[in-house]
Amino acid sequence: MDLSLESALNAPGASGEPAGNIAGRPLDEWNAAYAKVESYFHALRIRNKVLLGRLVIHVLKRAMRRAPQETHLSATELAAEEMDLVVTEWFGQVLQESPVGANHMLSTRGRLALLLVDMPGKWQEQFLHPPPWPEEFIKAMREAYLRAGPDFQLAKMAPRPLDLGPIATLSNLSMLPFRKMIFVWLMLMLLFVVLFVATHNSEQNQHLLRAFLLRVQNLFH
Amino acid sequence: MPATASEPSTTTTPPNGTTFYRKRTIRRWLRLFVFFSLVTLLTGAVSVLFADLLWRSGWTNTSTILLVLFVILFGLISIGCMHGIFGFVLRTFGDPDRITRFGDYKKQSIEGVSVAVVFPTYNEGVARVMEGLRTTYVSLEQTGQIQGFDFFILSDSTDPAKWVEEELRWCELVRELDALGRIYYRRRISNEGKKSGNIRDFLSTWGRRYRYFIVFDADSVMRGETMVDLVKMMEVHPQVGLIQSVPALVNAESLFGRMQQFANRLYGPIFIAGLNFWAQGFGNYWGHNAIIRTEPFMQYCDLPHLPGRKPFGGQILSHDFVEAALLVKENWQVWLAYDLEGSYEEIPQDMVSNAQRDRRWCQGNLQHSLVLFGRGLRGISRIHFLLGIFGYLASPLWLLFLITFNWALWNLKSSELSVIVTRGMTTPWLKLSGKEHAFLIFMVCMGVLFVPKILALIDLAFDRERRKLFGGLQRATLSAVLETVFSSLHAPLQMLWHSKFVATILLGIGVHWGPQKRTADGMPWSEAVRQHWGQTLIGILWGAAVWKLDVATFWWFLPVLMGMLLAIPLSVWTSRTSLGSRARSLGLFLTPEETFPPSELDTLRVRMALLEKASPAPGDNAIVAEAVLDPYVNAIHVSLLREKQLNPEYRDALAKLGVGRPEVRELGEKLLGQGPEALTTAEKMLILSDAEVVPWLHRQAWIRPSKALASWWQAAIRKYAR
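Chain order of the listed sequences is H and Z. When you line the first sequence up against this note's numbering, it's residues 521 to 741, in that order. When you line the second sequence up against this note's numbering, it's residues 86 to 807, in that order.
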């Protein structure tokens, strides 16, 4: 891993670039690219500042090499693409899988393996490091697998019909057409029953009913 | 991962009953007869006394209504009272007929026995669920018997942020406990059938791997030793299909929560002992903190949909009672292990949250009225259903009783007639005036209500060890008095709430609570006013009406009215955690788990406090952004999605959801270009369900130039910079 930026920084005069430009891009653009790559490595919990700096520079150098040929891309885009390539290639080497045509599978598996082997805590110095790697690290990385459940043992549960007895008959009533109307008619009939009971059962009830009707009458006058 | 489907091969039946169990069957019927005969006698005697009072005052139509309501309501409190009396007697003189006393289960080996411990969760506080699981796992590990147990987090969460957080915290938990291949996580694609559907899905996928499964709630904790004991008991009793532990309420901090917790711990044991007296092997299931024999449960407890429309038709909401009834119907025993310690759950911290929970339970219990007459169900199961139904119906009946009484009073006052109290059936013996007669009935009712509480205190007085755990007899007595005062004020509010629930459920109307606001110390005044103004207004109007009708009656009504009038301050004050801890420092409402906290609860409390202090919870979109941006969170999420696709049912469900269609990639573009706020929850869920789009989003979010991303993403990426 060539980790020196000196060649790139000393080169402007040689390539005829104006001061403050690297690989045909202004320094500000490379600064933004640096920040983006650094953020990603932060997201991967690379805490060692020296290591972090070296990894970012490694990625930026690769981006700078591509920059003169790919003038339509910004420094940040180039750096982000290189970052993705560097990381995926490294996963391919460590996990012994081809990065070509993996369609995110390799990247996902690699990131998960980093988490499960606790790369940020135990193996930070191995991240993006070229081979050979410690045997323990390789073994842990290749065996890392997040198992969310044991082997399926599929069965079919089928609800048994529950005979609800008389309730089944009653609940069928709710299927009656015009049930709301029937309900209203029943309520009206009930009202008549109440009226009858209230007027016929006792002197007191009759008195109360008369008093009530009188009050209603008074309300309208 | 091999996936083989199989049908339940043979009908599972419990092993033939031994002479021991046949004898027990005879005794059970005797118990049932004795218990409910005493309830009937008590209810009958006091109802006659009440009917006599009505007769003496002049019988009218309202008298009939009042008497009918009185018989039902008094019958219900008589059952409670009898539970207390029987429980007290059993606890004092010993109860040999309990599951923990049958056979020497302690020596039973559980080697080779497979047990699943399942934690169904639905948009719950993720940290709390995981910490509860951690506590239980560590406790089980300490027993040295963990090898047979597998833990499952069964998520039904529909909130994308909860989903991602669950995965993240699960992964952390597994790594910290080194429990990969021991603690599993699965999220369903759709939450069809709610909790019972969640359990059903688990059983359909993995059920056959396990002889038993222990069901937890999101806020449950169990001691490892208790779980091992439950498994041993199931092994010793092959005819038992389910053992329900009695969870102690714990971890309450507000005054309300601590009072409920105290009541549960002080009065609970005698009530449950009384319940176990008549239920025996025909007990009940409360949905969690229970162990279940997998095979019969799979065979008999897949619940059918009820005919008709909602609220009664459709899916059975309170599935637990029905599942217990179905097991019992098929001759499997269901026991309450009421004396088994080490089973815990939490409780709502204020009156409104408590009512919100009641609303859900109310609908489920009322729905049981459809199952009540199901053919083949055991009579005792029907009693469990009835008690559940009347637990909620009692409130509107009580309200109706009070309204009818007021109506009768209004009738009397409007008629301008005076009441002439005549001689009644009881007059030759009791020689009571009308007022004395009424007062006697009132006192009997109070006695029936309070006898169990007094017996619980006497029970405590006889138990030196337990006395210490409640902070001494004096403090426990004072706490019981204060709790009784509070519950007297709370009861009318419960009556209004439950009546509203029953009415709205019957009319098919939903209850809108609005988002509940809570401060660190409890409910703010403005929130209490919003939640209780209606109850207060009812109290004022009702009080004014009764006052106008008859001042003497007003004073009789005051205890009922006070709860309504004081609803707002009562709700605010009892929700206060500061008052809860003040009461604790005064030694009030102490429970055994507070006095000598089990190590499990201590650890849970400390860890939760640390988590709360550690960092403020990120917003929902921020958690979703982590699934896209964070290399590890993204990898976990994608791996779980890929594993999900191995299950043919999930694969079909994902396809049905629209996963894999080009539209999902378009939504992904929208997410990157406009930020998460531009998407609906359903759209976010769809994106997060696509195992191809999620890693693509991760790559795109990191490699695209800033200008191609919404400013929201630019800010989110900047957070990773140091």
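We put the CB at the ideal spot given by N, CA and C, even for glycine. Computed from a prediction, not measured in an experiment: that's the story for all the values here.
What residues of chain H sit near residue i, judged by a beta carbon separation below 9 Å?
i	result
Z:Trp797	Under the 9 Å cutoff, chain H gives no residues; its nearest Cβ is about 16 Å from Z:Trp797.
Z:Tyr270	Ala668 and Gly669
Z:Pro747	Chain H residues near Z:Pro747: none, gap ~16 Å exceeds 9 Å.
Can you round the beta-carbon distance between residue i and residue j to whole angstroms, since I take them to be within the 8 Å contact cut?
i	j	result
Z:Leu497	Z:Val504	7 Å
Z:Leu689	Z:Gly556	Between Z:Gly556 and Z:Leu689 the Cβ distance is about 22 Å, and since that is not below 8 Å, they are no contact.
H:Phe672	Z:Asn732	6 Å
Z:Val133	Z:Phe159	No, Z:Val133 and Z:Phe159 are not in contact; Cβ-Cβ is about 11 Å, not under 8 Å.
Z:Val202	Z:Phe178	36 Å between Cβ atoms; not a contact.
Z:Ile274	Z:Trp255	Contact flag wrong, Cβ pair sits at about 18 Å.
Z:Pro790	H:Thr596	6 Å
In chain Z, which residues lie with their C-beta within 7 Å of the C-beta of residue i?
i	result
H:Met677	Arg285, Leu288, Ser289, Met383 and Asp387
H:Ser618	By Cβ distance, chain Z contributes nothing, its closest Cβ being about 17 Å from H:Ser618, past 7 Å.
H:Ala731	Ser499
H:Leu632	Ala720, Ile721 and Ser724
Rounded to the nearest angstrom, what separates residue i and residue j at their Cα positions?
i	j	result
Z:Met693	Z:Ser330	25 Å
Z:Leu622	Z:Ser796	50 Å
H:Tyr665	H:Arg631	11 Å
Z:Ala801	Z:Ala710	8 Å
Z:Val59	Z:Arg463	Given that chain Z is displayed from residue 86 to residue 807, the structure contains no residue 59 of chain Z and the question cannot be resolved.
Z:Arg47	Z:Tyr429	With chain Z covering only 86 through 807, there is no way to say anything about residue 47 of chain Z.
H:Ala539	H:Pro546	9 Å
H:Asn568	H:Leu636	19 Å
Z:Leu478	Z:Gly172	25 Å
H:Pro670	Z:Gln227	23 Å
Z:Leu225	Z:Thr185	20 Å
Z:Gly353	Z:Leu471	20 Å
Z:Leu558	Z:Ala565	10 Å
Z:Lys33	Z:Asp705	Because chain Z here runs from 86 to 807, residue 33 of chain Z falls outside it and cannot be looked at.
Z:Leu671	Z:Arg350	18 Å
Z:Ser500	Z:Arg560	52 Å
Z:Leu480	Z:Trp371	A quick correction: the sequence has Ser, not Leu, at residue 480 of chain Z. Those two C-alpha atoms are separated by around 22 Å.
Z:Glu751	Z:Ser573	59 Å
Z:Leu175	Z:Leu545	14 Å
Z:Pro761	Z:Leu773	12 Å
Z:Ile465	Z:Leu457	11 Å
Z:Ile231	Z:Ser289	24 Å
DSSP on residue i, reduced to helix/strand/coil?
i	result
Z:Asp715	coil
Z:Glu501	coil
Z:Val691	helix
Z:Thr676	coil
Z:Ile268	strand
H:Arg545	strand
H:Met677	coil
Z:Gly372	coil
Z:Gly607	strand
Z:Ala763	helix
H:Val614	helix
Z:Val587	helix
H:Thr591	coil
H:Leu684	coil
Z:Val300	strand
Z:Thr206	strand
H:Ser559	helix
Since residue i meets chain Z, which of its residues come closer than 8 Å, beta carbon to beta carbon?
i	result
H:Ala555	Ala806
Closer than 8 Å by beta-carbon distance: list the chain H residues that pair up with residue i, in chain order.
i	result
Z:Phe458	Leu684, Gly685, Pro686 and Ile687
Z:Cys256	Leu635 and Leu666
Z:Ser480	Those do not exist, as Z:Ser480 stays about 23 Å from chain H at its closest Cβ, beyond 8 Å.
Z:Trp787	Lys556, Tyr560, Ala600, Met603 and Asp604
Starting from residue i, find everything on chain C with Cβ-Cβ shorter than 9 Å and list it in chain order.
i	result
Z:Glu728	Reference to chain C is not applicable here, since the protein chains of this structure are H and Z.
Could you work out which residues of chain Z lie near residue i, taking near to mean beta carbons separated by less than 9 Å?
i	result
H:His578	Neighbours of H:His578 on chain Z: none; closest Cβ ~17 Å, over 9 Å.
H:Pro681	Pro389
Give the interface partners of residue i over in chain H, defined as CB-CB distance under 7 Å, in chain order.
i	result
Z:Tyr429	None at all; the shortest Cβ gap to chain H is about 27 Å.
Which residue spans inside the stretch 376 to 457 of chain Z form an unbroken alpha helix (DSSP H) run of at least 4?
379 to 385, 404 to 414 and 436 to 456
Along the chain, which unbroken stretches of the alpha helix (DSSP H) at least 4 residues long are found entirely within the stretch 103 to 185 of chain Z?
104 to 142 and 146 to 178
May I have a chain-ordered list of the alpha helix (DSSP H) segments no shorter than 4 residues that lie completely inside the stretch 222 to 288 of chain Z?
245 to 262
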